[in-house]
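Position 113 (the sequence shown) corresponds to 202 in the working numbering; numbering is contiguous. Quick reminder that beta carbons are idealized off the backbone N, C-alpha and C, glycines included. If you're wondering where the values come from, they're calculated on a predicted model, not measured in any experiment. Below is one structure, written out as structure tokens; the observations come after it.
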Amino acid sequence: MKKSILLLTVSSLVVLLWAGTITKTFTFNQSELRFQKVSGYDLVTIPNCVNNYEVGNPLLPIALYTVLIPANATVTKIEITNKQSIEIPGEYLIYPVQPGIPLNQTVPVAFYGPNPLVYASEEVYPKEIISYSPTGSKCGYRLCDFMLFPIQYRPKFKKLLLNTKITVKIHYVEGVVAPPQLTTKQIELAKRELRSLVINPEDLTAFAPPTRMTLQGDLEYVIITSDAFVSNLEPLANWRTQMGLKAEVKTTT
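Okay, structure coming up:
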């Protein structure tokens, strides 16, 4: 992770923004590829990948990823800085993407043929192997989803290219979003949920939203009663705490 400073002047106001990058490398092995014949076409898949959705174009696997950035930041660009590729031996007529079928539809759907403009082209498909979505928020953290095409296709020559190594650089700018303040307990719960979702779990602590401090600490459940019922309600408060919701009994006096 690298950081730099951007100094912007807008209507005589100076805005200080931190710019940073995250670099990750992804590898794909030829042994992971799965081939099968479907209606005379070749269908290639990779475990844990989804498929593209442009009807009539070659159906190729897509790898989906989520990157974590600082809680006050937004992704400005994701780029490929290095790529290594090999050609898969053989010739392949890749199965075209078919339209989606409603679950309640019982009538057979006609086969949607290949897009002639793409399948007659000498150019590699897709030309760009990365795209990303706008930055979003989850549990107070800032996340950005992006996808990679491990496989590209040369339709006219019926050749497949496997991108065995792809290095990605994520650019972001801080200071453009006001993150919510969370309790320590909320942040810990968010970390558990996000740890297996993001490609950089090592940044969960550094990129966490600010901690909200309260006079009662991380108290999340309060039982208000009179002095006469304190002993009766303490078991309930203890049970709530054991279930993960910090609770206390407070009196009106």
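Secondary-structure assignment with DSSP links residue 130 through a beta bridge to 127. Spanning the alpha carbons of residue 203 and residue 127 requires a straight line of approximately 13 Å.
Residue 277 carries a helical assignment under DSSP once its states are collapsed to helix, strand and coil.
Contact between the region 152 to 169 and the region 239 to 259 is present, with at least three C-beta pairs closer than 8 Å. In chain order, 339 place their CB closer than 6 Å to the CB of residue 313, counting only its own chain and leaving out the 5 sequence neighbours on each side. By the neighbour-count definition (other C-beta atoms within 10 Å, threshold 16), residue 117 is a buried residue. Check the Cα spacing between residue 219 and each of 190, 252, 311 and 320: the tightest is with 252. In summary, residue 238 is buried, with 16 or more beta-carbon neighbours lying within 10 Å of its beta-carbon over all protein chains present. For residue 132, same chain residues with a beta-carbon under 8 Å away, outside a window of 5 residues either side, are 124, 125, 126, 148, 183 and 184 in chain order. Using a C-beta cut-off of 8 Å, the region 262 to 276 makes contact with the region 286 to 302, since at least three inter-stretch Cβ pairs fall below that distance.
Ranked by Cα distance from residue 278, the first of 229, 242, 188 and 321 is 229. When the alpha-carbon of residue 108 is set against those of 222, 265, 172 and 146, the nearest one is in 265. When DSSP states are grouped into helix, strand and coil, residue 214 belongs to the strand group.
DSSP places residue 207 within a helical segment (H, G or I) once states are collapsed to three. Here residue 329 carries a helix assignment [DSSP, helix/strand/coil].
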